[in-house]
Every structure is written in structure tokens, then in C-alpha cells.
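A.B. asks:
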Amino acid sequence: MLKLYNTLTRTKQIFKPITKGKATIYSCGLTVYNYGHIGNYLTFIHSDILRRYLEFSGYKVTKIVNITDVDDKTIKQSIKENKSLKEFTKKYEEAFLQDEKTLNIEPATKYPKATEHIKEMVNLIQSLLKKEIAYKKQDGIYFNIKKFKDYGKLSKLKLENLKKNIRINNDEYDKENANDFALWKFHTKEDQNVFWETELGKGRPGWHIECSAMSCKYLGQPFDIHTGGIDLIFPHHENEIAQSQAANNKPLANYWMHSEWLTVNGKKMSKSLGNYYTIRDILELNHPPLALRYLFLTSHYRNQLNFTLKNLQNSQNSLERLKNIISEIKQDDKTNKDYLTQFKKTMDDDLNTPQALQILWKLLRDPKAQGKLNTIKEMDKVFALDLLKKESLKIPKEIQELAEERQNARLNKDWEKADKLRDKIKKLGFQISDTDEGFKIEKL
Ligand SMILES: [Zn+2]
Numbered sequence: 001m002l003k004l005y006n007t008l009t010r011t012k013q014i015f016k017p018i019t020k021g022k023a024t025i026y027s028c029g030l031t032v033y034n035y036g037h038i039g040n041y042l043t044f045i046h047s048d049i050l051r052r053y054l055e056f057s058g059y060k061v062t063k064i065v066n067i068t069d070v071d072d073k074t075i076k077q078s079i080k081e082n083k084s085l086k087e088f089t090k091k092y093e094e095a096f097l098q099d100e101k102t103l104n105i106e107p108a109t110k111y112p113k114a115t116e117h118i119k120e121m122v123n124l125i126q127s128l129l130k131k132e133i134a135y136k137k138q139d140g141i142y143f144n145i146k147k148f149k150d151y152g153k154l155s156k157l158k159l160e161n162l163k164k165n166i167r168i169n170n171d172e173y174d175k176e177n178a179n180d181f182a183l184w185k186f187h188t189k190e191d192q193n194v195f196w197e198t199e200l201g202k203g204r205p206g207w208h209i210e211c212s213a214m215s216c217k218y219l220g221q222p223f224d225i226h227t228g229g230i231d232l233i234f235p236h237h238e239n240e241i242a243q244s245q246a247a248n249n250k251p252l253a254n255y256w257m258h259s260e261w262l263t264v265n266g267k268k269m270s271k272s273l274g275n276y277y278t279i280r281d282i283l284e285l286n287h288p289p290l291a292l293r294y295l296f297l298t299s300h301y302r303n304q305l306n307f308t309l310k311n312l313q314n315s316q317n318s319l320e321r322l323k324n325i326i327s328e329i330k331q332d333d334k335t336n337k338d339y340l341t342q343f344k345k346t347m348d349d350d351l352n353t354p355q356a357l358q359i360l361w362k363l364l365r366d367p368k369a370q371g372k373l374n375t376i377k378e379m380d381k382v383f384a385l386d387l388l389k390k391e392s393l394k395i396p397k398e399i400q401e402l403a404e405e406r407q408n409a410r411l412n413k414d415w416e417k418a419d420k421l422r423d424k425i426k427k428l429g430f431q432i433s434d435t436d437e438g439f440k441i442e443k444l
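Each residue of the sequence shown is one higher than the last, beginning at 1 in my numbering.
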């Protein structure tokens, strides 16, 4: 049985789903104004591990990941590029789905977009207005945090302390309390043609409301597990709880799972420090994406992970070694129950992936263990490192050309030349063999 650390209670709790045999997960997705960075995908891989492990444990999982395609950043950037909001965000939305695929993240059941759920958000805001938990000001509609007594229950922040730290934005001078947050923003010149004409007035939603509206639509309230990065605890998740619970008098989610920070070279990732990486940057540096996934799994999701290119290279080496060892194992029809039990026990303990990887290594090094391949196959349902997949080998152009030259020599019955070329290819580390379909090149 899975024991999961719950940010709400600050304890590990046995996961008890709302509906037997089923699990519902909501994960805050990406704001599509740019390519996601490796810190985003660290969190996405953590929620993927959660989902895969629940499936491995027999649950039928519904996972919702939202796409934030309207906010200050998307609007500003689309105007700068002289594109419609839709056209602008589409590019990054597609890139997001592509990057998830590259990293073997199982696709969510649905990826709802904020702009396609304005009606649901308006309804939610209207019920908050009716209950007088929300109020209308000149520039927008706000949530009054004083009307929600549980405010701060997730982040354990005290309201008195919050006020001291808050910077009041000029455009939000009108709020009743410094920490009240916008549910709806009335249209301004800066937003140009991005607005919706609704019962609330002409404008656009605040950021937090989309997650409350969409999680309720697709998962109901409460649902089982809400995931996200630790940076979202306050204010985003706190505000999601406030909106949903105040509107419907029910908790939003029973478990909250948060991923720790990722640092790069020991520092917070930032473009100005030059330590900012997207998934595309990693690929451009010729690292296989699953080396990054391996690296992410070597650290527990509640520990900070320090990313360096050296760590990535080490992970790549480990993964390659792992796959090489596995490719030598002979298939038998057994499954190793002992190792599989150890694996489950470790994963049940708050998804301890670093230790689960250790168990995999231990299995490989155990000369007496049987049923290795089937057991690895089972574990890889969770790791998703393609451990049993044979790579299509990249043949250097030079080798390819030599092999073709040899083929021509053979066709001309110049056996001497063909043999010489075969030796030359061998010296360069490749073996050539002839089959009915033509020649085959393998790395020695
Ligand atoms: Zn969210």
C-alpha cells in the first residue's frame, strides 16, 4: 500500500482513494509562453512516477493536466510577436506535449486549456460573489481571504505575517486586503484584443481560478491527489483551495504532493546566470532525454536535486551500462518475486525512486537471481527508462560509406577489396555481416 507524504498534514499517509480501485490526479501544467525548463519537467516526471506507480499497483488512474494559455505573460509575449494569443500559445503547447513524450511521460487523460473553460470559471466566480466571499472593484473581482477561515492551511502561513511581506501592485491598489487575489480582471488597454464578454463584465480570468474550475469539471470535488512544484504551494495552491472550498463547502483534494526545487550548478536556475536549460537544450547537447529521466529518478522527489552537466553525463553512463548488462541477460519465463517485493516496498514508501533503482542494480549484479528480464520489465513500467528497448544504432557516416563501398566490391566480385574494407571497418569498431536483406552493421 502506497504511503504518500501529504503537504496538508505534513505526514506520510496511506493512500486511500475516494473510489475503490480508482485514483484521480490533478497536476498543474505549463504556462505556454515559452518552452518548459528542466525544473518544470522534474515536477512532471514526479507526477508521472506517481501515476505509473498507482497503475502498477492496480489503480485505474484519471490524470488531468491543465494548460495555462491566458495570463499576463502569454498576452504580453503574443503582442510582442504580433500574433494572436491562440496562434502564439499553440506553438508552446505542442512543444510541451512533445517534450513530455520525449521524456516518456504518460499522456494525461486530458489537457484542458484555460481559454476553453471561461464559462466554468465565470460560474465559479458567480457563486463566490453570491456568497459574498468575492467582491467587485474597479479593476476586477477579488477573493476576500478574510472570509475563508482555512486560508493558509496548506502553506501553514499566518495571515499577519503575510501582510508584512506583500508588495502591493499599483494596479491592485483597490483590494480590501493585501493578500486578496484576482478572480477576474477587467479589460485594460494592455490586454488589447484578449478578453471575453461575460456576465461578470468584459475581461479575463485571474490565474488561480482555472485549476479550481477545471479540476472540478473533470475530477469532481474532492478528488484524490493534487500535485505540483513546491513553489506553487503559496499562493497558487492556497488560493485554489480557498476558491474551491469556499464555493462548494468541500475540500479540493485529499492529498497534496509537492516536488522540491531543482538547482543548476548549486544555484537557482535563471536565464541571467546562464544556467537555464530547456529539454531542447539537453537534446542539442546530444544527451538522450532518458538520461535526464534517469538523473531525476536518482533523487527523491522531496529532496532538492542539483543538476549539472556532469551529473547528467554520469546518469547517461549509468543508463547505458544498465542497458548493456540487460541486453546480455537470457530470457527465462520466471519473475523474481523477491526483488519485485523489495521494489514495491520501496516505492510504497513515498515513491522512493533512488532506492528502487538500487534494487534494480542489485538484481542485475546478483548471479543467482532468476527471472531477471521479466522483473526488469515490471519495474520499467514505473521507471519508464526503456530498459529493454534495443536502440537503433547510430552508424557514423564514414562507416556507412565504407560499408557501401564494400557492397559494391562484392557486387563486382572483387573479394580482395571487400575483405580489406571489412577489416578497415572492424578497426574502426564496427562489424559488418551479410544477410538476405543486405549488409548489417553492429558496434563491436
Ligand atoms: Zn494549478
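Even for Gly, the Cβ is constructed at its ideal location relative to N, Cα and C.
How many whole angstroms separate the CB atoms of L8 and L128, which I take to be in contact at a CB cut-off of 8 angstroms?
C.D. replies: The pair is not a contact, with the Cβ atoms about 22 angstroms apart (cut-off 8 angstroms).
A.B. asks: Would you mind sorting W184 into buried or exposed? The rule is 16 or more other CB atoms within 10 Å of its CB.
C.D. replies: buried
A.B. asks: Relative to ligand 1, is the shortest distance from any of its heavy atoms to the C-beta of H236 smaller than 7 angstroms?
C.D. replies: yes
A.B. asks: For P107, which of K80, F44 and F88 has the nearest alpha-carbon?
C.D. replies: F44
A.B. asks: Which runs of the alpha helix (DSSP H) spanning at least 4 residues fall entirely within the stretch 332–411, listed in chain order?
C.D. replies: 337–348, 353–365, 372–383 and 397–411
A.B. asks: Taking all protein chains shown into account, decide if W207 is buried (16 or more other Cβ within 10 angstroms of its Cβ) or exposed.
C.D. replies: buried
A.B. asks: For L2, which three-state DSSP category applies?
C.D. replies: coil
A.B. asks: Ligand 1: which residues have Cβ under 5 angstroms from any of its heavy atoms, chain order?
C.D. replies: C28 and C211
A.B. asks: Return the CA-CA distance between F148 and I49, expressed in angstroms with no decimal places.
C.D. replies: Taken atom to atom, the span from the alpha-carbon of F148 to that of I49 is near 34 angstroms.
A.B. asks: What is the DSSP secondary structure of A134, reduced to helix, strand or coil?
C.D. replies: strand
A.B. asks: Using only CA atoms, which one of W256, I326 and G36 lies nearest to I233?
C.D. replies: W256
A.B. asks: With distances taken Cα to Cα, identify the nearest neighbour of R406 among K440, K377 and Q98.
C.D. replies: K440
A.B. asks: On the DSSP letters alone, give me the boundaries of the beta strand (DSSP E) that H226 sits inside.
C.D. replies: Its beta strand (DSSP E) spans residues F223 to G229.
A.B. asks: Between Q465 and I359, which are expected to be in contact by the criterion C-beta below 8 angstroms, what is the C-beta distance as a whole number of angstroms?
C.D. replies: Because the chain in this structure spans residues 1 to 444, residue 465 falls outside the shown range and cannot be described.
A.B. asks: From the DSSP output, read off the bridge partner residues of S433.
C.D. replies: K440
A.B. asks: At the level of alpha carbons, what is the spacing between Y142 and T19?
C.D. replies: 34 angstroms
A.B. asks: Alpha carbons only, please: which of K158, L319, K372 and S299 is nearest the one belonging to D333?
C.D. replies: Minimum Cα distance to D333 is reached at K372.
A.B. asks: Could you give the C-beta distance for L290 and D386, rounded to a whole number, given that I count them as a contact under 8 angstroms?
C.D. replies: 6 angstroms
A.B. asks: Between which residues of its own chain and F383 is the CB-CB distance below 7 angstroms, once the five residues before and five after are set aside?
C.D. replies: L297
A.B. asks: Taking the alpha-carbon positions, what's the L357 to H46 distance?
C.D. replies: For L357 and H46, the distance between alpha carbons rounds to 15 angstroms.
A.B. asks: Closer than 8 angstroms is the cut-off here; do at least three beta carbon pairs connect the stretch 301–318 with the stretch 59–67?
C.D. replies: These segments do not touch.
A.B. asks: How would you call N239, buried or exposed, if buried means at least 16 neighbouring beta carbons within 10 angstroms?
C.D. replies: buried
A.B. asks: Could you name the residues of the same chain whose beta carbon sits closer than 7 angstroms to that of L157, not counting the 5 residues immediately before and after it, in chain order?
C.D. replies: So the list reads F234, once near-sequence residues are dropped.
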